[in-house]
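Peer 1: The structure under discussion is supplied below as structure tokens; questions concerning it will follow.
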């Protein structure tokens, strides 16, 4: 497949509308430039230039390819600039893996506090499911993971930040939307159940399904979708109901009704990290949680309390 260099060849010719001027712009001979463009056209199976036009013109396919090529080149330049800036700054890097539903559970406030407390740290967030976080932690691609599943691995330690209550999302005109008080799981057992994510498994979908099975109930129909947003759209459209963490209500969607789920049904909010991680950045994250949990009235996990009370780690 053609690389960024070949895309630059194409863009130079397209911009100059001439193979001759394109070669001059690239400071190369015209014949090899023409061959590279011809090879690209053969690989694509279509012509990129109307060579009969004067001046040289792009075909419809060529115009689309030009637009895409510009985006790829710009992204490559942005990546190169970002990496140079990062290497030059020598800032410590801290990457958090996050499942989408955690973004509504006050986690953005934790991220803001971390950035304020450690302005010299290059902090970034990556969306990935709980299973992906475990692998990314062991491979060193992320430093902390925020997920929902209780996955075990000897190389990873998990802290249950809190057990979050669940709610049932449904269309605003659904008969169950007009009731008061918590909604028991039995009330939705015979309704189509929308679960997410469809893959990979195990996932939050399996946790929800197991809640029904533990009580000897089986939904009449299970609709699997790829992500939370899709599940909510389908629930709003009346395709079924969806069991979600109660914090999802903070999205403020007026096209969805929520009812609290009774029976002490909860889903954990889990922080995972490498068991041998003694970094200052992870220590700072624990301290941020200690501050915000004290303000919110939540109990900090004992493992994080012990880590905070130990000697401050070396950088």
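Residue numbers (the numbering used here): 51 to 365. By construction, the Cβ of each residue, glycine as well, lies at the ideal position given by its N, Cα and C atoms.
Do residue 293 and residue 160 have their CB atoms nearer than 8 Å?
Peer 2: As a working mapping, residue 293 is identified with position 243 in the chain shown. As a working mapping, residue 160 is identified with position 110 in the chain shown. The answer is no: Cβ separation not under 8 Å.
Peer 1: Name the DSSP beta bridge partners of residue 144, please?
Peer 2: Against the chain shown, residue 144 aligns to sequence position 94. Bridge partners of residue 144: 173.
Peer 1: Taking the beta strand (DSSP E) that residue 194 falls in, what are its first and last residues?
Peer 2: The count along the chain shown starts at 1 and reaches residue 194 at position 144. Run containing residue 194: 194–197, per the beta strand (DSSP E) assignment.
Peer 1: Return the Cβ separation of residue 216 and residue 316 in integer angstroms, given the expectation that the two are a contact with Cβ distance under 8 Å.
Peer 2: Sequence index remark: in the chain shown, residue 216 carries index 166 (1-based). Sequence index remark: in the chain shown, residue 316 carries index 266 (1-based). At roughly 6 Å, the Cβ-Cβ gap stays under 8 Å, so residue 216 and residue 316 are in contact.
Peer 1: Which same chain residues end up closer than 6 Å to residue 211 when comparing Cβ atoms and leaving out the 5 residues on each side of it in sequence?
Peer 2: Taking the chain shown and counting its residues from 1, one reaches residue 211 at position 161. So the qualifying residues of the chain are 319 and 321.
Peer 1: Taking the straight line between their C-alpha atoms, what separation do you get for residue 104 and residue 112?
Peer 2: The residue you call residue 104 lines up with position 54 of the chain shown. The residue you call residue 112 lines up with position 62 of the chain shown. Cα to Cα, residue 104 sits roughly 16 Å from residue 112.
Peer 1: Between the segment 262–281 and the segment 235–253, do three or more beta carbon pairs fall short of 8 Å?
Peer 2: Counting Cβ pairs under 8 Å, three or more are found: they touch.
Peer 1: Determine, using beta carbons only, whether residue 83 and residue 76 come nearer to each other than 8 Å.
Peer 2: Along the chain shown, read from residue 1 onward, the residue named residue 83 stands at position 33. Along the chain shown, read from residue 1 onward, the residue named residue 76 stands at position 26. Against a cut-off of 8 Å, the Cβ pair of residue 76 and residue 83 comes out as a contact.
Peer 1: Give every residue of the same chain whose Cβ lies closer than 7 Å to the Cβ of residue 201, excluding the five residues on either side of it in the sequence, and list them in chain order.
Peer 2: By one-based count along the chain shown, residue 201 stands at place 151. If we look at residue 201 and ignore the five residues flanking it on each side, its Cβ neighbours are 180, 181 and 184.
Peer 1: Can you tell me whether DSSP reads residue 240 as helix, strand or coil?
Peer 2: Along the chain shown, one-based indexing puts residue 240 at 190. Coil, per DSSP.
Peer 1: Can you tell me whether residue 319 is helix, strand or coil according to DSSP?
Peer 2: Position 269 of the chain shown, counted from the start, is the residue given in the question as residue 319. In the structure shown, residue 319 sits in a strand (DSSP, three-state: E or B).
Peer 1: Starting from residue 354, follow the alpha helix (DSSP H) in both directions and report where the run begins and ends.
Peer 2: Start at 1 with the first residue of the chain shown, and residue 354 comes out as number 304. Unbroken alpha helix (DSSP H) run through residue 354: 352–359.
Peer 1: Within the same chain, show all residues whose beta-carbon is closer than 8 Å to that of residue 87, passing over the 5 residues directly before and after it, in chain order.
Peer 2: To locate residue 87, count along the chain shown from 1; it is residue 37. Correct list, in chain order: 59, 60, 63, 69, 98 and 99.
Peer 1: What residue from 148, 178, 219 and 175 has the CA that sits closest to residue 242's CA?
Peer 2: The count along the chain shown starts at 1 and reaches residue 242 at position 192. Among 148, 178, 219 and 175, the Cα nearest to that of residue 242 belongs to 219.
Peer 1: Please return the same chain residues whose Cβ sits closer than 8 Å to the Cβ of residue 312, not counting the five positions on each side in sequence.
Peer 2: Taking the chain shown and counting its residues from 1, the one referred to as residue 312 is at position 262. The residues are 231, 232, 233, 234 and 235.
Peer 1: Is residue 187 near residue 195, with beta carbons less than 8 Å apart?
Peer 2: In the chain shown, counting from the first residue as 1, residue 187 sits at position 137. In the chain shown, counting from the first residue as 1, residue 195 sits at position 145. Against a cut-off of 8 Å, the Cβ pair of residue 195 and residue 187 comes out as a contact.
Peer 1: What does DSSP give as the partner residues of residue 271 in its beta bridges?
Peer 2: By one-based count along the chain shown, residue 271 stands at place 221. Residue 271 pairs with 242.
Peer 1: With 16 as the cutoff for other CB atoms within 10 Å, does residue 364 come out buried or exposed?
Peer 2: For the purposes of this step, residue 364 is taken as the residue at position 314 of the chain shown. For residue 364, the predicted model reports a pLDDT of 44, less than 50, meaning its position is unreliable; a value from the coordinates is still stated below. Exposed, since its Cβ has fewer than 16 Cβ neighbours within 10 Å.
Peer 1: Is residue 336 helix, strand or coil by DSSP?
Peer 2: As a working note, residue 336 is residue 286 in the chain shown. It is helical.
Peer 1: Roughly how many whole angstroms lie between the Cα atoms of residue 337 and residue 344?
Peer 2: What you label residue 337 is simply residue 287 of the chain shown in a count that begins at 1. What you label residue 344 is simply residue 294 of the chain shown in a count that begins at 1. Going by the C-alpha atoms only, they are around 11 Å apart.
Peer 1: In three-state terms, what does DSSP make of residue 57?
Peer 2: Here residue 57 refers to the residue found at position 7 of the chain shown. In the structure shown, residue 57 sits in a helix (DSSP, three-state: H, G or I).
Peer 1: Do you know whose CA, among 301, 226, 135 and 291, lies nearest residue 274's CA?
Peer 2: Within the chain shown, residue 274 is the residue found at index 224, counting from 1. The shortest C-alpha separation from residue 274 is found at 291.
Peer 1: Using the DSSP secondary-structure output, state which residues sit across from residue 210 in a beta bridge.
Peer 2: Taking the chain shown and counting its residues from 1, the one referred to as residue 210 is at position 160. In the DSSP output, where bridge partners are listed per residue, residue 210 has 320.
Peer 1: For residue 57, I'd like the list of residues in its chain whose CB is within less than 7 Å of its CB, leaving aside the five on either flank, ordered along the chain.
Peer 2: To locate residue 57, count along the chain shown from 1; it is residue 7. Once the five neighbours on either side are set aside, the close Cβ partners of residue 57 are 119, 122 and 123.
Peer 1: Helix, strand or coil for residue 301? Go by DSSP, reduced to three states.
Peer 2: Translated into positions along the chain shown, residue 301 becomes position 251. Three-state result, residue 301: helix.
Peer 1: Would DSSP call residue 178 helix, strand or coil?
Peer 2: Here residue 178 refers to the residue found at position 128 of the chain shown. In the structure shown, residue 178 sits in coil (DSSP, three-state: anything other than H, G, I, E or B).
Peer 1: Let me check one thing: in DSSP terms, what residues is residue 309 bridge-paired to?
Peer 2: Within the chain shown, the letter at position 259 stands for residue 309. Paired residue(s): 218.
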